[in-house]
Amino acid sequence: MKKLLLIIFFGISRVLLAQADCATALAVCGNSTITYNPTGYGDIKEMVNSGTCIDAAGEHYSIWYRITIATGGTLTFDLIPNDPDADYDWAIFGPNVTCAALGAPIRCNAATVIGPGPNTGLNMTSTITNAIGGSSTPYCKYLDVLPGQTYYLFIDNWVSSTSSTTAPFSLTWGGTATLASPFTDPNTQPYPFNPPGVPAANPADPREVVVCVNPPLFDFSTLSAGILNGNPNFTISYHTSQNDALTGNNAITVPTVVSMTATYYYSISYTDPSNPNSPLNKCKQIGLFKFRDGRITTKNATLTQCNNNNAGTALYDLTTADVIADPNVTKKYYNSLPDLNAGINEITTPMAFTSAEGTIYVKVTSPFGCSAIAQISLRFHPVVVVSDATLRSCSVETEPATALFNLTVAPVTTQLGAIKKYYRSETDAINQTNEIPGPLALAYPAPNGVVYVRVSNAQGCYKIAKITLVVIPPVYSATLKDKTICVEDKTTLDAGPGFNGYEWSTGATTQSITNVGVGTYWVKLKTGDCTVIQHVKVYPSEQPVVSNIDISNTTVTVYVIGGTPAYKYSMDNINWQDSNVFNNVKRGDATIFVKDSYDCDPIDISIVVPNLVNVITPNDDGYNDVVDYSALANKKNLMMNIFDRYGNMIFQVDKSTGYKWNGTSKNGVKVPTGNYWYTVGWNENDKMSTPIKYSGWIVVKNRD
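Numbering (mature numbering (1 follows the signal peptide of the UniProt record, and there is no 0)), first residue to last: -20 to -1, 1 to 684.
Written out as structure tokens, the structure is:
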């Protein structure tokens, strides 16, 4: 078993050192700086006893390079070890030689590091072409090169019993010539190569490939297409050291668990498909990168919103859930974990998501493609507890169908700190439009109906409650009526029972008031909390009016208007009759009394029943010669008309005749003996100027 392990190790070590032989020399690609750390020699020690400036031992820690000239000119280089105690020797062969027949080197330098220092190479000032070991001239003369020429450069980190320092070197090209490279020729590299990963925080550090698990099992081949960027005839390999990247040894070919602290290398290698012997074949360009742990950490969150109006749902902005602090991530929201895992049924309006209480799942993805899952719990704020209410208010006296309501006292909620706003419709309350302003809400005029109140808590959650408005109709006394009384009388006004309070315009607070005369009164009637004012009038009864009186001989007929029938009549204010006719009235002055159904103080009117004879003998003998009404001369509008039996007026007695008739006609001719009729009319001297009509007959006896 030990022998087998030894054989395996030897085989591996020879592979690692294969590029230290001329036949497997590394192609130099362009004028880019070369860095390398030789770790041994190749399969054979080609420089042993080569007759060059290299010591007899030949090779220690060595590497071979193949150089192809692109444009001619001068060629120099600086080889600088990383450690000043490292001693590097080198030799150049060519041009256009083969490894089997290298010939003598055209430049060779094995100068010591003591004194001049470890740096060595070709420069434009040296004139020597060869410096043996121990020499103090570490630089040789530059090369004049032509396009297409090929050279081999051998570099050896010399060690011995007196110098054991090994160190990497850095080689920088100079001069006017350029070295051939497929990486600078657009014919071979039409597109730029893309280094993997993203820049590190420190630009001087390697780029970083972000991985989403740690430790990750990473498939390096997933980077290849991106790096090569479509350039043909290039291949890529991945390594854990720069030397391996340069030599192509120990490539990583299978998914590998990678470290977040190690540096990894990629090697881009060219192969000319039309020329297997091209000096540019296997020309390499290397790069380095590291891995960054890109895992993201999320946290579960809770969103709490208003279950407004107890609708059973709330409006959530899922994007405000604090599931991660990084503002550069993207988030996708799902109703269930299976939907998230399948990438289906994504919530497309997360900023306005209506939902009941529940759980939402969010997939958070970083700019590097790393993702994590968080839960968002959707919860409701405590609901606003309200109840519908009824407000009752006393009607407005001028508009009995309307009342003034103080909406702010409606007991719709008992929650402290609740904010209430009032609206005429439920839609307005929900949309917060057409609000009933605060001052109006204190005295809101309305008939029977409803208004709505939006009750909100400190979180802005709300519930709509309904306030029913009930107008308490005015309650008036059914017994209190206007009255008509005699103007000289008094009466009682009674508002009736059933009220909580009375307040009369007289100041009385009793149900009724007494000894009330004609006038206008009011009473405030209280029912519950409502008070109405009821007005009542006590009217004076309308007195009857004697419109006219007819007197026929001793019969007096009285005609009355106004007042309230039935009327009663009297001539002594003691004895009353229903008839308006008085018979056998004595001649002379008399008084007529009249009253209506109210039995008030009667009205009275004075009359005169004329005391006249019914026969005249106008013979100038001084006896019964004339009809004489001069006793009535003090009456207004006194006039007497005489008619014959055919109804023809034959004479008119007035002031001009001295209110007398002597039995003549209008032309002064004595009338024939016969019966004549007469009427006498006047107006009494009372305030009503009552008209009196007296009628009768008279016999005229003319002896002529």
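Using N, Cα and C, we set each Cβ at its ideal position, and we do this for glycine too.
Given the structure is predicted, the values throughout are model-derived calculations rather than measurements.
So is the beta-carbon of Ser161 under 6 Å away from any non-hydrogen atom of the ligand SAH? For the structure depicted, the ligand SAH is absent and the ligand set is empty, with no information on it obtainable.
By a C-beta neighbour count over all protein chains shown, 10 Å radius and 16 as the cutoff for buried, is Arg434 buried or exposed? Indexing the sequence shown from 1 puts residue 434 at position 454. Per the 10 Å Cβ criterion, buried.
Note the first and the last residue of the continuous alpha helix (DSSP H) segment covering Glu406. As a position in the sequence shown, residue 406 is number 426, starting the count at 1. Glu406 -> alpha helix (DSSP H) spans 406 to 411.
Could you compute how far the alpha carbon of Ile276 sits from the alpha carbon of Thr220? Locating residue 276 in the sequence shown gives position 296, counting from the first residue. Locating residue 220 in the sequence shown gives position 240, counting from the first residue. Taking the straight line from one Cα to the other gives about 27 Å.
I need the boundaries of the alpha helix (DSSP H) containing Ile531, first residue and last residue. One-based indexing of the sequence shown puts residue 531 at position 551. Note, Ile531: premise wrong, no alpha helix (DSSP H); beta strand (DSSP E) at 524 to 532.
Between the region 156 to 175 and the region 3 to 22, do three or more beta carbon pairs fall short of 8 Å? yes
Do you know offhand how far Ile(-9)'s Cα is from Asn229's? Working through the sequence shown from its first residue, we reach residue -9 at position 12. Working through the sequence shown from its first residue, we reach residue 229 at position 249. The predicted position of Ile(-9) is uncertain, since its pLDDT is 29 and thus under 50; a value taken from the coordinates is nonetheless stated next. Answer to the nearest angstrom: the Cα atoms are 10 Å apart.
Please give me, in chain order, every unbroken run of the alpha helix (DSSP H) with length at least 4 that falls completely inside the region 216 to 275. 222 to 227
For Gly206, does the three-state DSSP call read helix, strand or coil? Counting from one through the sequence shown, the residue named residue 206 turns up at place 226. Helix, per DSSP.
Ser116 by DSSP, collapsed to three states: which one? What you label residue 116 is simply residue 136 of the sequence shown in a count that begins at 1. Three-state DSSP puts Ser116 in coil, outside helix and strand.
Tell me which residues share the same chain as Trp677 and place their Cβ nearer than 8 Å to its Cβ, disregarding the 5 neighbours each side in the sequence. On the sequence shown, position 697 is the one that residue 677 refers to. Excluding positions up to five away in sequence, the list reads Asn594, Asn655, Tyr656, Trp657, Tyr658.
Nearest neighbour of Gly478, chosen from Gly487, Thr471, Cys466, Ala458 [CA to CA]: Here residue 478 refers to the residue found at position 498 of the sequence shown. For Gly478, the nearest C-alpha among the options comes from Ala458.
Start-end ranges of the alpha helix (DSSP H) lying completely within the region 70 to 153, minimum 4 residues: none
Quickly, what does DSSP pair Cys192 with across the bridge? List them, please. The count along the sequence shown starts at 1 and reaches residue 192 at position 212. Partner(s): none; Cys192 has no beta bridge.
Please report the distance separating the alpha-carbon of Thr146 from that of Asp63. Locating residue 146 in the sequence shown gives position 166, where the first residue counts as 1. Locating residue 63 in the sequence shown gives position 83, where the first residue counts as 1. Straight-line Cα distance between these residues: approximately 8 Å.
Buried or exposed for Thr494, please, with buried defined as at least 16 other CB atoms from any protein chain shown within 10 angstroms of its CB. Numbered from its first residue, the sequence shown carries residue 494 at position 514. With fewer than 16 Cβ atoms within 10 Å of its Cβ, Thr494 is classed as exposed.
Do Val467 and Pro520 have their C-beta atoms within less than 7 Å of each other? Within the sequence shown, numbered from 1, the residue matching residue 467 stands at position 487. Within the sequence shown, numbered from 1, the residue matching residue 520 stands at position 540. Result yes, Cβ atoms of Val467 and Pro520 sit closer than 7 Å.
Length of the line joining the Cα atoms of Pro18 and Trp44: As a first step, residue 18 must be located in the sequence shown, where it is residue number 38. As a first step, residue 44 must be located in the sequence shown, where it is residue number 64. When rounded, the distance between both Cα atoms is 10 Å.
Backbone secondary structure at Asn290 - three-state DSSP: Working through the sequence shown from its first residue, we reach residue 290 at position 310. It is helical.
Using beta-carbon positions only, say whether Thr33 and Ala84 come within less than 7 Å of one another. As a first step, residue 33 must be located in the sequence shown, where it is residue number 53. As a first step, residue 84 must be located in the sequence shown, where it is residue number 104. The sequence shown places Cys at residue 33, not Thr. Not closer than 7 Å, so no.
Status (buried if at least 16 other CB within 10 Å, exposed otherwise) for Asn223: For the purposes of this step, residue 223 is identified with residue 243 of the sequence shown, where counting begins at 1. The residue in question, Asn223, is buried, as its Cβ has 16 or more Cβ neighbours within 10 Å.
Pairwise C-alpha distance: Tyr119 and Leu102: In the sequence shown, counting from the first residue as 1, residue 102 sits at position 122. In the sequence shown, counting from the first residue as 1, residue 119 sits at position 139. Taking the straight line joining both Cα atoms gives about 5 Å.
Measuring CA to CA, which of Leu123, Val93, Gly97, Val589 is closest to Thr107? For the purposes of this step, residue 107 is identified with residue 127 of the sequence shown, where counting begins at 1. Thr107 has its Cα closest to that of Leu123, out of Leu123, Val93, Gly97, Val589.
Alpha helix (DSSP H) segment containing Ala421, residue limits: To locate residue 421, count along the sequence shown from 1; it is residue 441. Residues 418 to 422.
Give me the Cα-Cα distance between Tyr403 and Pro380, rounded to the nearest whole angstrom. For this step, residue 403 is matched to residue 423 along the sequence shown. For this step, residue 380 is matched to residue 400 along the sequence shown. Computed Cα separation, rounded: 23 Å.
Since Thr653 and Asn682 are thought to touch, with beta carbons under 8 Å apart, how far apart are those beta carbons, to the nearest angstrom? By 1-based counting over the sequence shown, the position of residue 653 is 673. By 1-based counting over the sequence shown, the position of residue 682 is 702. With a Cβ gap of about 5 Å, Thr653 and Asn682 count as contacting.
With C-beta atoms as the reference, is Leu283 less than 7 Å away from Tyr296? Indexing the sequence shown from 1 puts residue 283 at position 303. Indexing the sequence shown from 1 puts residue 296 at position 316. Yes, these two residues count as a Cβ contact at 7 Å.
Evaluate Ala71 with the Cβ neighbour count: other Cβ atoms within 10 Å of its Cβ, from every protein chain shown; 16 or more gives buried, anything less gives exposed. Translated into positions along the sequence shown, residue 71 becomes position 91. Under this definition Ala71 is a buried residue.
Nearest to Ser669 (by Cα), restricted to the options Thr500, Asn614, Thr472, Asn555: Walking along the sequence shown from the start, residue 669 turns up at place 689. Checking every option, the nearest Cα to that of Ser669 belongs to Asn614.
Please identify the residue among Gly568, Phe573, Glu406 whose C-alpha is closest to the C-alpha of residue 691. Residue 691 cannot be examined here, being either before or after the span of the chain that is shown, -20 to 684.
Where Lys635 falls: helix, strand or coil (DSSP): Here residue 635 refers to the residue found at position 655 when the sequence shown is read from its first residue. Correct three-state label for Lys635: helix.
Starting from the N-terminal side, write out each stretch of the beta strand (DSSP E) that is 3 residues or longer and does not extend beyond the region 419 to 476. Within the region 419 to 476, the complete beta strand (DSSP E) runs of at least 3 residues fall at 424 to 426, 429 to 436, 442 to 452, 463 to 465, 471 to 474.
Once you ignore the five residues that flank Ala354 on each side, which residues in its own chain have a CB closer than 6 Å to its CB? By 1-based counting over the sequence shown, the position of residue 354 is 374. Excluding residues within five positions, the ones whose Cβ falls inside 6 Å are Thr278, Asn280, Val303, Val342.
Is the beta carbon of Gly429 closer than 7 Å to that of Leu449? Here the question's residue 449 lines up with position 469 in the sequence shown. Here the question's residue 429 lines up with position 449 in the sequence shown. Yes, Cβ-Cβ distance for Leu449 and Gly429 is below 7 Å.
Tell me which residue opens and which closes the alpha helix (DSSP H) that Pro582 is part of. Within the sequence shown, numbered from 1, the residue matching residue 582 stands at position 602. Pro582 -> no alpha helix (DSSP H), and no H or E assigned at all.
Three-state secondary structure (DSSP) of Cys374: In the sequence shown, counting from the first residue as 1, residue 374 sits at position 394. In this structure, Cys374 counts as strand in the three-state DSSP scheme.
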